[in-house]
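Here's the structure, in structure tokens; my notes come after.
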Amino acid sequence: MKFFDLLRLVITNLNRRKARVGLTAIGVVIGTGAVVILVSLAIGLQMNANEQLYGIGDLSQIYVYPAYGGGGEVFISPRGGGGGGGGTQDIKLLTNSALQELGALPSVVAVIPREFLQANSVISYKKLQTYTGMFGVGTNDLADFGLKAEQGTTQLSRSTIVIGSRVAQNFMDFNLRPGQEPPPPPDLYDQQIQLTIFKYDDQGNEIRKNYSFRVAGVLSEAGSEADYSIYLPLEQVKVMNEWANNTRINYNKTGYNEVIVKVENPDKTLEVRDQIIALGFQANTMLDFVQGINNFYQILQVVLGGVGAIALLVAAIGIANTMAMSILERTREIGLMKAVGATNRDVLSLFLGEAAGIGFIGGLGGVLVGWLLGQMLNVVAIVYLAQQAAQQGGIPPSVAVYTPIWLPIFVLAFSTFIGMLSGLYPALRAATMIPVLALKYE
Amino acid sequence: MGGTTVRALDGVDIEIPEHTFTVVMGPSGSGKSSLLYLLGGLDRPTAGEIIVNGQRLDLMDENALALFRRKTMGFIFQSFNLVSSMSALENVAFPMQFAGITASQRNEKSKVLLTQVGLADRSDHKPSELSGGQQQRVAVARALINDPLLILADEPTGNLDSQSGTTVMQMLADLHKAGRTVLVVTHDARMTRFATHKIFLLDGRVVSEAEYQSAALQPLQP
Chain W
1 MKFFDLLRLV ITNLNRRKAR VGLTAIGVVI GTGAVVILVS LAIGLQMNAN EQLYGIGDLS
61 QIYVYPAYGG GGEVFISPRG GGGGGGGTQD IKLLTNSALQ ELGALPSVVA VIPREFLQAN
121 SVISYKKLQT YTGMFGVGTN DLADFGLKAE QGTTQLSRST IVIGSRVAQN FMDFNLRPGQ
181 EPPPPPDLYD QQIQLTIFKY DDQGNEIRKN YSFRVAGVLS EAGSEADYSI YLPLEQVKVM
241 NEWANNTRIN YNKTGYNEVI VKVENPDKTL EVRDQIIALG FQANTMLDFV QGINNFYQIL
301 QVVLGGVGAI ALLVAAIGIA NTMAMSILER TREIGLMKAV GATNRDVLSL FLGEAAGIGF
361 IGGLGGVLVG WLLGQMLNVV AIVYLAQQAA QQGGIPPSVA VYTPIWLPIF VLAFSTFIGM
421 LSGLYPALRA ATMIPVLALK YE
Chain X
1 MGGTTVRALD GVDIEIPEHT FTVVMGPSGS GKSSLLYLLG GLDRPTAGEI IVNGQRLDLM
61 DENALALFRR KTMGFIFQSF NLVSSMSALE NVAFPMQFAG ITASQRNEKS KVLLTQVGLA
121 DRSDHKPSEL SGGQQQRVAV ARALINDPLL ILADEPTGNL DSQSGTTVMQ MLADLHKAGR
181 TVLVVTHDAR MTRFATHKIF LLDGRVVSEA EYQSAALQPL QP
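Those protein sequences? They're chains W and X, same order as listed. When we follow the numbering used here, the leftmost residue of the first sequence carries the number 1, and every step to the right adds one. When we follow the numbering used here, the leftmost residue of the second sequence carries the number 1, and every step to the right adds one.
Quick look at the structure:
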């Protein structure tokens, strides 16, 4: 039997029982519609989350830390210091030679140590004060981190600092009386700000040290910790840390606390991360985080798709029932088909085709319904989420429910397949009927 | 069924020559329909051989039997067995779909056959819009669509009034005259007028016409 003859016969037969086919297909519409809308919702959420995550950090950066051994205790045994006693555990320190080792890895474009200011500190500008993270970085140019300047420069020099885009907003007047309007965020560019660090002597007396810096640059919004950070040269932070902690720091001995490795593009990040771990350091990237989130949303898609698939399963039982009934009613017709020369395969194809047809019709309806509902939900949800974003701060979403082109195609193919699968048992029964019994069926 | 074995046909040994008009007579339950279905390859014997046109039907698998029926057999049934959703023309053309013949060829041949059975003007009518006699004529046209070697008719006049029955009988006789081999299973004694060969069945056995007549005339037991 030719394919187009089969198709025409399938359409004719489905057309014969419009009401029944329609009612059965409604079940499929609900199932496939549910799959489309739920998976679209999960995809929309993922896109939304990715939008929010965008700029959380440069995805081509790897944060490298010394690898401390397990067990909670840290034993320091510098490399090459032969004959460390039994029981000590080697840890790989981020010394300058280690930095060279990291820099030699393929695809690595920069290796930059970064140190926190490890001291009690307060930053003042006129009457305003703030407490925020201060980093000393082993580079003269923050552009190495992928950061850009909104005002001034990304270049660091002695007695200048570069501040993140939101640092100014965090300056507050702590002497403000209740009810008094807070002052607007100051424009700090090219202004002098004061840094005071504290330490305590053995008697518990506070000792202060003051520094004055000119703000040489304000960074563009990065959507990451850089927005709330103040950057200054590494050497400067080292001196402050030494003063505050009464120690001498020799990075060749103790290593850096943190090193940022920048690779040529984010595609190489995970590969280089693995190589760094293989060298014995701890390393993580924002890409891990983003991928973790993406994995979560992929699982969410499967779970939500599964919920929709349950409705589709119920619909599949409906198709099987409709086909079983249809075959019972058309037993004599099946007998006739066989009498006039239809093979078992012809009969099987016809009934499988009819079952698949119900799946297809339902799938088509489901895709349309799911897509339309998704669009409606999009309109409502975007308005709501934008309001939320306006109230709480953050990036308003551009999409809430997103139906990629592959989804309707997949759902349509899947519902057709499910229809066919549901019709398999009834169709097999039809195909294997003994012609004479089918013809005599009353 | 019910653990009792019923022999529908027992020890039947018949030969139907080509280009004959054979009428199989017998009362209900005599096995005449079973004989027709066995000859047509719609049923399988539990024992014995069926040879049609040199081919052993009892040895064929389902697929081979379907192809055999498509090429060799034309069936006419008591209850017409037309597909209710199809027009007369589509019903006539129906068997050709399984042979992979193109739609235009199917329609052309179906129109010729409908004209031959006098229903050219009813080709677009559904079975429900046709009388019993007309429906059976459509069925006759359908039986001829694949140019079969053998036409098998199971009580073709059973559901028809006398006038329509005669028309159908005449039609079958004409087919025989045109050189086809026809086998009709019937209660209708009028059919024997056209027969070149007669087979009488009683309780699954082939009997002589005399034995058949005497059994038919036997008075009922009180």
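Yeah, the Cβ is synthetic: ideal placement off N, Cα and C, and Gly gets one too.
Cβ separation of residue 31 (chain W) and residue 314 (chain W), assumed to be a contact under 8 Å, to the nearest whole Å: 7 Å
Endpoints, alpha helix (DSSP H) assigned at residue 319 (chain W): 286-329
First through last residue of the beta strand (DSSP E) which encompasses residue 130 (chain W): 128-130
Sufficient close CB pairs (3 or more, under 8 Å) joining the region 100-119 of chain W to the region 269-278 of chain W: yes
Residue-chain proximity (residue 83 (chain X), chain W), Cβ-Cβ < 8 Å: yes
Close-in-space but distant-in-sequence residues of the same chain around residue 111 (chain W) (CB under 7 Å, 5 per side omitted): 99, 102, 103, 259, 261
Residue 119 (chain X) - DSSP class collapsed to helix/strand/coil: coil
For residue 57 (chain X) and residue 65 (chain X), the rounded distance between their alpha carbons: 7 Å
Distance, residue 403 (chain W) Cα to residue 190 (chain W) Cα: 49 Å
is_contact[residue 70 (chain X), chain W] using C-beta, thresh 8 Å: yes
Those runs of the beta strand (DSSP E) which lie wholly inside the region 146-203 of chain W and span at least 3 residues: 149-152, 160-163, 192-200
For residue 160 (chain X), the three-state DSSP class (helix, strand or coil): coil
Interface positions of the region 129-154 of chain X facing chain W (Cβ-Cβ less than 8 Å), listed along the chain: 142, 146
For residue 344 (chain W), three-class secondary structure by DSSP: helix
Presumed contact (8 Å Cβ cut-off) between residue 245 (chain X) and residue 111 (chain X), rounded CB distance: Residue 245 (chain X) lies beyond the residue range present for chain X, which begins at 1 and ends at 222; the question has no answer from this structure.
Residues bridged to residue 91 (chain W) (per DSSP): Note: residue 91 (chain W) sits in no beta bridge, so no partner.
Three-pair Cβ contact test at 8 Å for the region 116-124 of chain W versus the region 184-202 of chain W: yes
Inside the region 106-150 of chain X only - alpha helix (DSSP H) runs reaching at least 4 residues: 132-144
Sheet register partners of residue 120 (chain W) (DSSP bridge): W:198
contact_flag[the region 191-201 of chain X, the region 163-183 of chain X] where n(CB pairs < 8 Å) is 3 or more: yes
Reduced DSSP secondary structure (H/G/I, E/B, other) of residue 178 (chain X): coil
is_contact[residue 209 (chain X), chain W] using C-beta, thresh 8 Å: no
CB contact flag (residue 148 (chain W), residue 139 (chain W), <8 Å): no
Cβ-based neighbour list, residue 200 (chain X), same chain, cut-off 6 Å, excluding 5 preceding and 5 following: 25, 207, 209, 212
8 Å contact criterion, which residue 148 (chain X) and residue 60 (chain X) should meet: CB distance rounded: Between residue 60 (chain X) and residue 148 (chain X) the Cβ distance is about 17 Å, and since that is not below 8 Å, they are no contact.
The region 311-328 of chain W in contact with the region 25-44 of chain W per 3-pair CB rule at 8 Å: yes
Opening and closing residue of the beta strand (DSSP E) in which residue 273 (chain W) lies: Looking at the DSSP string, residue 273 (chain W) is not in any beta strand (DSSP E); the run it does join, the alpha helix (DSSP H), is 269-278.
Residue 146 (chain W) to residue 173 (chain W) span [Cα, whole Å]: 32 Å
Per-residue DSSP class, three states only, for residue 212 (chain W): strand
Contacting residues, own chain, Cβ-Cβ under 7 Å from residue 43 (chain W) (five flanking each side not counted): 301, 402, 404
Chain X contact for residue 329 (chain W) (CB, 8 Å cutoff): no
Residue 135 (chain W) beta carbon less than 8 Å from that of residue 231 (chain W): yes
Cβ of residue 355 (chain W) within 8 Å of any chain X Cβ: no
Three-state secondary structure (DSSP) of residue 294 (chain X): Any answer about residue 294 (chain X) is impossible in this case: the structure gives chain X only from 1 up to 222.
Chain-ordered chain X contacts of residue 427 (chain W) [CB-CB under 8 Å]: Going along chain X, no residue has its Cβ under 8 Å from residue 427 (chain W), so there is no contact; the nearest lies around 15 Å.
Whole-angstrom C-beta distance between residue 289 (chain W) and residue 67 (chain W), which should lie under 8 Å: Their Cβ separation, rounded to whole angstroms, is 20 Å, which puts residue 67 (chain W) and residue 289 (chain W) out of contact at 8 Å.
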